[in-house]
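Peer 1: In terms of our numbering, the sequence shown is residues 23 to 349.
Ideal Cβ placement from N, Cα and C applies to all residues, glycine included.
Only a predicted model underlies this, so the values are computations on that prediction, with no experimental measurement involved.
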Amino acid sequence: MTSISVIICAHTAERWDATLAAVASVRAQTLPAAEIILIVDHNPELQERLAGSLPGVRVTGNAEQRGLSGGKNTGIALARGAVVAFLDDDAVAGPRWLEFLAESYADPAVAGAGGLTLPRWQERQPWWYPEELAWVIGCSYRGMPTSRAPVRNLHGGNASFRRDVFAAVGGFTSGIGRSAGKRPLGGEETEFCIRLTQQRPGSVLIFDDRAVIWHLIPAARSRFSYFRARCYAEGLSKAMVTASVGAGDGLSTERRYTVRTLPLGVARGLLDLVRGRPAGLGRAAVIVAGLAAAMAGYLIGSLRRPAWRRTPDDGAGGAGAPGGVSR
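1) Pro148: which of Ala189, Ala40, Gly319, Arg243 sits nearest, CA to CA?
2) With distances taken between CB atoms, is the gap from Thr41 to Leu60 smaller than 9 angstroms?
3) Where Gly160 and Leu140 are concerned, what is the direct C-alpha to C-alpha distance, given to the nearest angstrom?
4) Who are the Cβ neighbours of Ile98 in its own chain at under 8 angstroms, not counting the five residues just before and after it?
5) Please tell me whether Arg174 and Asp271 are closer than 9 angstroms, where the distance is taken between their beta carbons.
6) Could you tell me which of Leu284, Gly323, Arg297, Ile322 sits nearest to Ala307, measuring between CA atoms?
7) Keeping to the same chain, check which residues put their C-beta closer than 6 angstroms to that of Ala156; ignore five residues upstream and five downstream.
8) Between the Cα of Val263 and those of Leu207, Leu293, Asn180, Ile58, spot the shortest distance and give me the residue it belongs to.
9) Leaving out five residues before and five after Asp111 in sequence, what residues of the same chain have Cβ atoms less than 7 angstroms from its Cβ?
10) Excluding sequence positions up to five away, which residues of its chain have a Cβ less than 7 angstroms from the Cβ of Arg102?
11) Using DSSP's beta-bridge definition, name the partner residues of Leu286.
12) To the nearest angstrom, how far is the alpha carbon of Arg332 from that of Gly287?
13) With 16 as the cutoff for other CB atoms within 10 Å, does Glu67 come out buried or exposed?
14) Is Met166 buried or exposed, if buried means 16 or more other CB atoms sit within 10 Å of its CB?
15) Do you know how far the Cα of Ala289 is from the Cα of Glu211?
16) Can you tell which of Arg49, Ala233, Gly209, Gly302 has its C-alpha closest to the C-alpha of Ser169?
17) Considering only the beta carbon of each residue, do Asn180 and Ala113 sit closer than 9 angstroms?
18) Just to confirm before moving on: does the CB-CB distance between Gly136 and Ser182 stay below 9 angstroms?
19) For Ile198, which option in Cys253, Leu238, Ser266 has the closest C-alpha, if you only look at C-alpha atoms?
20) Pick out the complete alpha helix (DSSP H) segments inside the stretch 180-264, 4 residues or longer, and give them in chain order.
21) Starting from Ser27, follow the beta strand (DSSP E) in both directions and report where the run begins and ends.
22) Report the rounded CA-to-CA distance for His235 versus Val62, giving the unit in angstroms.
23) So, for Arg275: in the same chain, excluding its five sequence neighbours on each side, which residues have a beta-carbon less than 7 angstroms away from its beta-carbon?
24) Give the single residue among Ile228, Thr219, Glu213 whose Cα lies nearest to the Cα of Glu256.
25) Measuring CA to CA, which of Val310, Tyr320, Ala316 is closest to Pro152?
26) Give the range of the alpha helix (DSSP H) segment to which Arg305 is assigned.
27) Measuring CB to CB, does Cys253 end up less than 9 angstroms from Ala301?
28) Roughly how many angstroms lie between the CA atoms of Leu350 and Ile239, to the nearest whole one?
29) Where does Ser259 land, buried or exposed, given buried means 16+ other C-beta within 10 angstroms?
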């Protein structure tokens, strides 16, 4: 059976209970994890507290640049399993999560596998929230596959990869994705997945809807102000991704999503309005507003020089810094 190291990245004591729940859900898997590695992002006090509260878990600090990419790279360098899986620190995994992820690796062409991420709302789901834009809250969205299927990229909070691919193509790029800044950026896993398949043609990434996790959605992320800011930040992130891997691959899924999924979502909302459900109009309007914010972010991001650069020796796979990114 495939051995899987699970990496959880934490950064704030505000998620204390959620982080403990995430670790507990990994410990309860039908397929036991080979190890649990908890990376704390430049927060020594939190690191010490977690280490004292989680015996049997390897708790260590982010050895790279502050941010999610650096934390993931630190965990990868420490991992011993044949497969490395990532779980958000504010998510809990279903009991067969690792079992279902492991099944995909029976096919040697599979380089990575991920699963279904469902929302766990701290408060009631807003009436205006469209399922087509559930990615805003880090969840699977309408328009994704509804059953097991190959995909262009996996979603970082519910993903796994063969450990040897990091030595071959490098790790996650710092400067893309969550960092110490306030802007809710993303996209580090998208850039990595595209780079992986570009450098290793024939590699397959699998989405398996049976590998379920539940992502906690706090009240602050239920507000329209966060929704709008996250959509704008996603546009900025997409500009960074395309600067790294090219617009052809970097926007291939987004083009289909924009011309098919979102118009259908607007039509669905308007049809609900006609049927006497006025919330449909709100969802349709929010889809349009979210798309506009994301496009604005992409245009602004495309005009800016990227804050990072990839070094000539990317993919060398040094154990100390698998990301191969200059600081």
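Peer 2: Inspection of the coordinates gives the following:
1) Of the candidates Ala189, Ala40, Gly319, Arg243, the one whose C-alpha sits nearest the C-alpha of Pro148 is Arg243.
2) Yes, they are a contact pair.
3) Across the structure, Gly160 and Leu140 are spaced so that their CA atoms are roughly 9 angstroms apart.
4) Excluding five sequence positions before and after Ile98, the CB atoms of its chain that fall closer than 8 angstroms to its own CB belong to Ile29, Val106, Arg185, Phe188, Gly193, Pro344, given in chain order.
5) Judged by beta-carbon spacing, Asp271 lies within the 9 angstroms limit of Arg174, meaning their Cβ atoms are closer than that value.
6) Checking every option, the nearest Cα to that of Ala307 belongs to Leu284.
7) These residues qualify, in order along the chain: Tyr163.
8) Ranking the options by Cα distance to Val263, first place goes to Leu207.
9) Only Ile30, Cys31, Ala32, Arg37, Ala40, Thr41, Ala44 meet the Cβ criterion.
10) Hits under 7 angstroms: Ser27, Ala56, Glu57.
11) Beta-bridge pairing links Leu286 to no other residue.
12) Annotation note: pLDDT 45 at Arg332 (below 50); position unreliable, no value reported.
13) That one is exposed.
14) Answer is buried; the Cβ neighbour count reaches 16.
15) If I take the Cα positions, the gap works out to 31 angstroms.
16) The alpha carbon of Ser169 has as its nearest neighbour, out of Arg49, Ala233, Gly209, Gly302, the alpha carbon of Ala233.
17) Closer than 9 angstroms, so yes.
18) Yes.
19) Cα-wise, what sits closest to Ile198 is Ser266.
20) If we require 4 residues or more, the alpha helix (DSSP H) runs fully inside the stretch 180-264 come out as 186-191, 210-221.
21) Ser27 -> beta strand (DSSP E) spans 26-32.
22) It is Ile, not His, that sits at residue 235 in the sequence shown. Each residue's CA atom was taken as its position, placing Ile235 and Val62 some 21 angstroms apart.
23) In the sequence on display, residue 275 carries Thr and not Arg. Cβ within range, chain order: Arg174.
24) It is Glu213 whose Cα lies nearest to the Cα of Glu256.
25) Among Val310, Tyr320, Ala316, the Cα nearest to that of Pro152 belongs to Val310.
26) First-last of the alpha helix (DSSP H) with Arg305: 301-325.
27) Between Cys253 and Ala301, the C-beta spacing is not below 9 angstroms.
28) Given a span of 23 to 349 for the chain in the structure shown, any question on residue 350 remains unanswerable.
29) Flag for Ser259 reads buried.
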